[in-house]
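Each residue of the sequence shown is one higher than the last, beginning at 691 in the working numbering.
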Amino acid sequence: MIDLHTHLLPDIDDGVQTYDESLEILEELANHGVTKLLLTPHYLPDTIYNSPRSDNLKLLSELQKAVAENGINIELHLGNEIYITPEIPKLLKNKILSPLADSKYLLIELPMSGIFEGYEDIFYNLQAEGYKIILAHPERYISTQKDFSILERLHNQGILFQCNLGSTIGQYGHRAAKTLKKLAKNDLIFAFGTDIHHFRDFSEIDEAIYQLTRIYGEAKLTTLLEDNPLKIMA
C-alpha cells in the first residue's frame, strides 16, 4: 500500500511531535504493508501551521536518515495538506507549499463545517496551470455529507478524491462512512490514506482493507491502494 496522507513530520502541525513517535508509527505502518508514504503536514494560512517547504525538506531529510538507521523499510516523500485559499498559486510559485512528491498533484482540504462556498474557480485556476487536484477526505465534510451532488460536480471538473481508510469502519462517524460507501458505489475514489496523526490501533488498517476488499474486490482495490498513488510518484 502507498499512503497518500499522513502527519508524521515531527513538531510541525497537529501530528506527531517527536522523531521517536514518528519512527514508531512508520515501523508499524511498514509492518502493515505500507511501502511508500507521503508526509503531508497541514498548511493553514494565518495559523501556526504554516511551515514553509524549506523547513519541511530539512525535517524530511532528518527523518529519512533516521528511518534508514533504524532499518525501517518504507519510502518517504513530501507534500502538504493545503487548506483551500485563492493564494495557493502564489504560495506554490514562492516555494512555500509542496506538491505531492514533487509532482503536479496537490492535496487540498476544504472547511470541515459550514456550507460549500463554490471553490471551483480556485480549482480551475490551478488546473489551468497544469496541477491535478486531489481533495482530501471528501467524505468528512459536512457540506458534502448533506449534498452529494457537490462531489459529483467536482468529479466532473476533474477533481480526484482521497478517502480515509478509517472512514470505512466508522472512525469519523456514521455520515462519513455513508458518504464513503456512496463514493465507492459510484466508483469516484482515486486513492486512500490513513491521515494518521498519532500512534493508534493499527489493526484498524487491516479491518478497513478487509471491508474495502468486500466492496471492490482485490484487483480494483490494488488500483486504489497502489496503482493510482504510483501515478503521483512517477
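Using N, Cα and C, we set each Cβ at its ideal position, and we do this for glycine too.
Please read these numbers as outputs of a predicted model, since none were measured by experiment.
Using a Cβ-Cβ cutoff of less than 7 Å, which residues in the same chain neighbour LEU716 once the five nearest sequence positions on both sides are dropped?
Contacts found: LEU698, VAL757, ILE762, ILE764.
Go through its chain and collect everything with a Cβ distance to ARG865's Cβ below 7 Å, but skip five positions before and after it.
If we look at ARG865 and ignore the five residues flanking it on each side, its Cβ neighbours are GLN835.
Between GLN852 and LEU796, how many whole angstroms is the CB-CB distance? I'm expecting something under 8 Å.
Not confirmed; about 11 Å, so no contact.
So ASN740 packs on LEU768, CB below 8 Å; how close in whole Å?
Incorrect: roughly 16 Å between the Cβ atoms, too far for contact.
Taking C-beta to C-beta, are LEU873 and PRO828 nearer than 8 Å?
It is a contact, given that the beta carbons lie within the stated cut-off.
Going by beta carbon distance, what residues of the same chain come within less than 7 Å of PHE889, once the five residues before and after it are set aside?
Excluding sequence neighbours, PHE889 sits near GLU711, GLU714, ILE715.
According to DSSP, is LYS748 helix, strand or coil?
Looking at LYS748 - three-state DSSP - the assignment turns out to be helix.
Are LEU727 and ASP693 close, meaning C-beta to C-beta below 8 Å?
Yes, they are a contact pair.
Could you check the C-alpha separation between GLU771 and LEU841 for me, to the nearest Å?
Roughly 19 Å separates the two Cα atoms.
Excluding five sequence neighbours on each side, which residues of the same chain lie with their C-beta closer than 8 Å to the C-beta of TYR906?
If we look at TYR906 and ignore the five residues flanking it on each side, its Cβ neighbours are ALA874, LEU914.
Who does HIS767 pair with in a DSSP beta bridge?
Note: HIS767 sits in a beta bridge opposite LEU728.
Classify GLU799 as buried or exposed, calling it buried when 16 or more other Cβ atoms lie within 10 Å of its own Cβ.
Burial call: buried.
Given this structure, state the Cα-to-Cα distance separating PRO776 from HIS695, to the nearest angstrom.
So the alpha carbons of these two residues sit roughly 22 Å apart.
From the DSSP output, in three-state form, read off GLU810 for me.
GLU810: helix per DSSP, three-state reduction.
On the DSSP letters alone, give me the boundaries of the beta strand (DSSP E) that LEU797 sits inside.
Its beta strand (DSSP E) spans residues 795–799.
Would DSSP call ASN854 helix, strand or coil?
Of the three classes helix, strand and coil, the one that applies to ASN854 here is strand, per DSSP.
Determine the burial state of THR858: buried for a count of at least 16 other Cβ atoms within 10 Å of its Cβ, exposed for fewer.
Flag for THR858 reads buried.
Does the distance from the C-beta atom of ILE823 to that of LEU850 stay below 8 Å?
Yes. Within cutoff.
Report the rounded CA-to-CA distance for GLU845 versus LEU878, giving the unit in angstroms.
The amino acid occupying residue 845 in the given sequence is His; Glu does not appear at that position. So the alpha carbons of these two residues sit roughly 7 Å apart.
According to DSSP, is HIS695 helix, strand or coil?
Of the three classes helix, strand and coil, the one that applies to HIS695 here is strand, per DSSP.
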